[in-house]
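Read through the structure below, which is laid out as structure tokens, and then see the notes.
Number of protein chains: 2
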Amino acid sequence: MGNSKVYLEIVQHLREMIHRDGLKPGDKIPSERELSERLDVGRSSVREALRALELLGLIETRRGEGTFLRDFRGHRLVQLLSTFILQDEKAKKDVFETKNIIEIDCLRLVVKRFDQQDISHLFRWTANAESLHDDEFFYRIIQLADNHLILRIWVILKDYYDSFIPIPPKNKREDYLFLLEALATRDEEQVISAYWKLRNLSVY
Amino acid sequence: MGNSKVYLEIVQHLREMIHRDGLKPGDKIPSERELSERLDVGRSSVREALRALELLGLIETRRGEGTFLRDFRGHRLVQLLSTFILQDEKAKKDVFETKNIIEIDCLRLVVKRFDQQDISHLFRWTANAESLHDDEFFYRIIQLADNHLILRIWVILKDYYDSFIPIPPKNKREDYLFLLEALATRDEEQVISAYWKLRNLSVY
DNA sequence: GAGGTATGTGTGGTCTGACCACCATAATAA
DNA sequence: TTATTATGGTGGTCAGACCACACATACCTC
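Shown next as structure tokens:
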């Protein structure tokens, strides 16, 4: 009987509850005390289960309010593994390279998918933003690529990147606008060459 | 200040401890009571952190003995997330797309980097392997790309992918050989078109 | 009535102390 | 020596207490 740990059973219970009741992101799940009572276990065991799910990014807790299901697409998969694994020096180089690669991937996706309105909107923002941060610009680009998973990965890489290159690149506004103009033509090669120019790299 | 939760700080402490002391899979980490005392927090908070890491498969705990680092490959994690999450169709699509993109990225990298010997070695293996698994083939390709981070991301995506498409693709050996021949020419476009053929996709 | 204030209730966050079950080892008995 | 027992350390679990916070309600002031 006592083979499985209580907190794992609670995780299982929660999973079933979510499926059975069709709970969706944003929905509230029972309070810790209520779960404790309903499942006839200690509150600390309930908390162990909830904290584990929270670390996974599956739930979100708000003090004074309750515990809620999260948008599952925001799971912490890559982040968690990377924070525990990504340590050596070689990793920095890999992060740098991977970040660039992903940005280019997204540019390629955007070339294939973008709506004229998206680009003009982004163009206006780029032209008018008083402070033009590289992060923000590419965040918008990657959003247009419409792949949430890649967005997550990029955000993580960006954080790592910032952790050892804390000085944000200060590119000229024209470079960004030039990149957008290239995008508007849907010419992949031109886009990538504009990206290189922006990043001051010849080849990766 | 008390913004961050104690159990997250403990996770962070453990991470640092692992890196600082160079702990490896199988090594023992301090007991719950000792951590509780050293970090000056309650034992229950320590447990919340440890249980979360356990659920992630990062540590293993043996009653009466202690808590030990695991050889983290994240299998547990993938399994967990997939049972919890994978109803989201868009998420599946993102995984599918991202896996393909990364494979193509690696092919591009390999085109730029490979040693003639690498390719001929891989060629021999592909021609002679009695059972030619898609996973193994691309694992070797991605190794040639010489980016550990991408390799890790790919492995995770592959596990995800397998969890909802359990039937491994059965491609013809010629298709792989054809891809390798394209690689040998260092012609990027040709490589990518060979990849499409292998994957039976026209465009992503 | 409108707007602000106090209060009560429910929630997560944390700590403490108490058991239990289990394991390894040392001390003891055969 | 070998087998048995005792002991201390470890994780597993629970109960209770208190805190910080958010929200709704009732209340008061204007």
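For the record, the sequence lines run as chains A and B.
As numbered in this note's numbering, the first sequence has no gaps in its residue numbers, which increase by one up to the final residue, 204.
As numbered in this note's numbering, the second sequence has no gaps in its residue numbers, which increase by one up to the final residue, 1204.
Every residue gets a Cβ at the ideal spot worked out from N, C-alpha and C, and that includes glycine.
All values derive from a computational prediction rather than experimental measurement.
Backbone secondary structure at residue i - three-state DSSP
{"i": "THR185/A", "result": "coil"}
{"i": "GLU60/A", "result": "strand"}
{"i": "PHE1164/B", "result": "helix"}
{"i": "LYS1024/B", "result": "coil"}
{"i": "LYS1172/B", "result": "coil"}
{"i": "VAL1041/B", "result": "coil"}
{"i": "HIS19/A", "result": "helix"}
{"i": "LEU132/A", "result": "coil"}
{"i": "ASP1146/B", "result": "coil"}
{"i": "LEU151/A", "result": "helix"}
{"i": "MET1/A", "result": "Residue placement at MET1/A cannot be trusted, given a pLDDT of 37 that sits under 50; what the coordinates show is reported in the next sentence. Of the three classes helix, strand and coil, the one that applies to MET1/A here is coil, per DSSP."}
{"i": "ALA52/A", "result": "helix"}
{"i": "PHE1178/B", "result": "helix"}
{"i": "ASP1115/B", "result": "coil"}
{"i": "LEU1198/B", "result": "helix"}
{"i": "GLY1074/B", "result": "Per-residue confidence for GLY1074/B stands at a pLDDT of 48, beneath the threshold of 50, marking its modelled position as unreliable; the derived number appears in the next sentence. It is coil, neither helix nor strand."}
{"i": "VAL1006/B", "result": "helix"}
Paired residues, beta bridge with residue i - DSSP
{"i": "ILE1141/B", "result": "Per DSSP, none; premise fails for ILE1141/B."}
{"i": "THR1098/B", "result": "The partner list for THR1098/B (beta bridge, DSSP) is empty, contrary to what the question assumes."}
{"i": "LEU1069/B", "result": "ILE1059/B"}
{"i": "ILE156/A", "result": "The partner list for ILE156/A (beta bridge, DSSP) is empty, contrary to what the question assumes."}
{"i": "ILE192/A", "result": "Paired residues: none, contrary to the question."}
{"i": "ILE1029/B", "result": "THR1067/B"}
Cβ-Cβ distance between residue i and residue j below 8 angstroms
{"i": "LEU177/A", "j": "ALA127/A", "result": "yes"}
{"i": "ASN1147/B", "j": "LEU1122/B", "result": "no"}
{"i": "ILE1142/B", "j": "TRP1154/B", "result": "yes"}
{"i": "ILE102/A", "j": "LEU157/A", "result": "yes"}
{"i": "LEU1205/B", "j": "ILE1104/B", "result": "Because chain B in this structure spans residues 1001 to 1204, residue 1205/B falls outside the shown range and cannot be described."}
{"i": "LEU1198/B", "j": "ASP1175/B", "result": "yes"}
{"i": "ILE18/A", "j": "VAL46/A", "result": "no"}
{"i": "TYR1195/B", "j": "LEU1179/B", "result": "yes"}
{"i": "VAL6/A", "j": "LEU107/A", "result": "no"}
{"i": "LYS1092/B", "j": "PHE1164/B", "result": "yes"}
{"i": "VAL1041/B", "j": "LEU149/A", "result": "no"}
{"i": "SER36/A", "j": "GLY66/A", "result": "no"}
{"i": "LEU39/A", "j": "HIS13/A", "result": "yes"}
Integer-rounded CB distance, given that residue j should sit under 8 angstroms from residue i
{"i": "ARG186/A", "j": "VAL111/A", "result": "5 angstroms"}
{"i": "GLU1048/B", "j": "GLU48/A", "result": "6 angstroms"}
{"i": "ARG51/A", "j": "ARG1063/B", "result": "In fact, because the Cβ distance is near 20 angstroms, the residues do not count as touching under 8 angstroms."}
{"i": "HIS1133/B", "j": "PRO1168/B", "result": "6 angstroms"}
If you measure beta-carbon to beta-carbon, which residues of the region 98 to 124 of chain A are closer than 7 angstroms to chain B?
-> From the region 98 to 124 of chain A, only THR98, ILE101 and ASP105 have a Cβ closer than 7 angstroms to chain B.
Of the residues that make up the region 14 to 47 of chain A, which ones have a beta carbon closer than 7 angstroms to any beta carbon in chain B?
-> Of all residues in the region 14 to 47 of chain A, ARG15, SER44 and ARG47 have a Cβ within less than 7 angstroms of some Cβ in chain B.
Proximal residues, the region 151 to 181 of chain A versus chain B, C-beta separation under 7 angstroms | Listed by position along the chain: ILE153.
Pull out every residue of the region 124 to 138 of chain A whose Cβ sits closer than 9 angstroms to any Cβ of chain B, in chain order.
-> Per Cβ criterion, the list is empty.
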